[in-house]
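S.K.: This is the structure I want to talk about, given as structure tokens.
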Amino acid sequence: WEPLPLSPFAMQKAETLLRDRWSCLGCHQLGDGGGRIGPRLDGIVHRLRPEYVRALIHDPVTLAPGTIMPGSFEQSDRLDLIASFLLQRDAPWTGSETVTGTPDPLSPDTTPGAATYLAQCAPCHGVRGAGDGFNAPFLPVMPTAHADSAAMSLRPDDTLYDGIHAGGWILGKSHLMPGFGASLTDREKRELVQYMRTLCRCQGPAWSRDGRGAR
Numbered sequence: 118w119e120p121l122p123l124s125p126f127a128m129q130k131a132e133t134l135l136r137d138r139w140s141c142l143g144c145h146q147l148g149d150g151g152g153r154i155g156p157r158l159d160g161i162v163h164r165l166r167p168e169y170v171r172a173l174i175h176d177p178v179t180l181a182p183g184t185i186m187p188g189s190f191e192q193s194d195r196l197d198l199i200a201s202f203l204l205q206r207d208a209p210w211t212g213s214e215t216v217t218g219t220p221d222p223l224s225p226d227t228t229p230g231a232a233t234y235l236a237q238c239a240p241c242h243g244v245r246g247a248g249d250g251f252n253a254p255f256l257p258v259m260p261t262a263h264a265d266s267a268a269m270s271l272r273p274d275d276t277l278y279d280g281i282h283a284g285g286w287i288l289g290k291s292h293l294m295p296g297f298g299a300s301l302t303d304r305e306k307r308e309l310v311q312y313m314r315t316l317c318r319c320q321g322p323a324w325s326r327d328g329r330g331a332r
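Printed below as a string of structure tokens:
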């Protein structure tokens, strides 16, 4: 794979997608903005091969086992656009910043969904679901506090499942919350919903409960 030659309009379109529509900058820094979970996106042309960048955006788990970066359901032409933009963006590679305030390792929790929550959700939502993860200060909107029983009791399990699967935008929330539909199994997403219920010590609205859990 080789980067596409992009016009100034296409470069602007790609940057708009990254800043206003896609979730990449919830975890990655670009310029002065963005999260601090993943490596900086500036200057990647100086350190990564083009075909690797394109493949990583599409299917990160295959190329980097253990990563929490979710796979993408985006159309192939949009993946080409974003990869080409990042490789052609005129910015130096300055390394990633050291982040302070990361939590100490916790004792293993065998509760279903706990390990997935700590890996995928806690960097933003906090290890106890208080919305205070180490990445939260770098986001324009405070992450949802999954331990807030008053707020969480208003949300059906299906709503929580949809947010995990498709990301914040599907719920009218921040687009910087990524969707994990391409990376987590249906069972893992169900277990995450139930684990969130242990954090808030609450259930969804009575009208939404049918005894079968998240669907």
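Under this note's numbering, think of the first position of the sequence shown as 118, with each following residue one higher.
The C-beta atom is built at its ideal place from N, Cα and C for all residues, glycine as well.
Keep in mind that this is a model prediction, so the values were computed, not measured.
So, G248 versus P260, is the Cβ gap smaller than 8 Å?
M.R.: yes
S.K.: Counting only the same chain and skipping the five closest in sequence on each side, list residues whose C-beta sits under 8 Å from that of R164.
M.R.: W210
S.K.: Along the alpha helix (DSSP H) that carries E119, what are the first and last residues, could you check?
M.R.: It is not in any alpha helix (DSSP H) - E119 carries neither H nor E in the DSSP assignment.
S.K.: Is the distance from the Cβ of G285 to the Cβ of L293 below 8 Å?
M.R.: yes
S.K.: Relative to the C-alpha of L134, which candidate in K306, Y278, K290 and L196 has its C-alpha closest?
M.R.: Taking the Cα of L134 as reference, the smallest distance to any Cα among K306, Y278, K290 and L196 is reached at L196.
S.K.: What's the gap between the Cα of E191 and the Cα of A264?
M.R.: 31 Å
S.K.: With distances taken Cα to Cα, identify the nearest neighbour of H282 among R166, P254, K306 and K290.
M.R.: K306
S.K.: In its own chain, which residues sit with a C-beta less than 7 Å from the C-beta of I174, not counting the 5 before and 5 after it?
M.R.: S189, L196, I199 and A200
S.K.: Does the separation of the CB atoms of C144 and G160 fall below 8 Å?
M.R.: no
S.K.: May I have the straight-line CA-CA distance separating T255 from P125, to the nearest angstrom?
M.R.: One point to set straight first is that residue 255 is Phe, not Thr, in the sequence displayed. Distance between the alpha carbons of F255 and P125 is about 29 Å.
S.K.: Whole angstroms are fine: how far does the CA of L121 sit from the CA of E168?
M.R.: 12 Å
S.K.: Sorted by chain position, which residues of the same chain lie with C-beta nearer than 6 Å to T315's C-beta, five sequence neighbours on each side aside?
M.R.: none
S.K.: Cβ of Y312 within 8 Å of Cβ of A236?
M.R.: no
S.K.: Considering Y312, what are the terminal residues of the alpha helix (DSSP H) in which it resides?
M.R.: D303 to C317
S.K.: Using beta-carbon positions only, say whether L203 and V170 come within less than 8 Å of one another.
M.R.: yes
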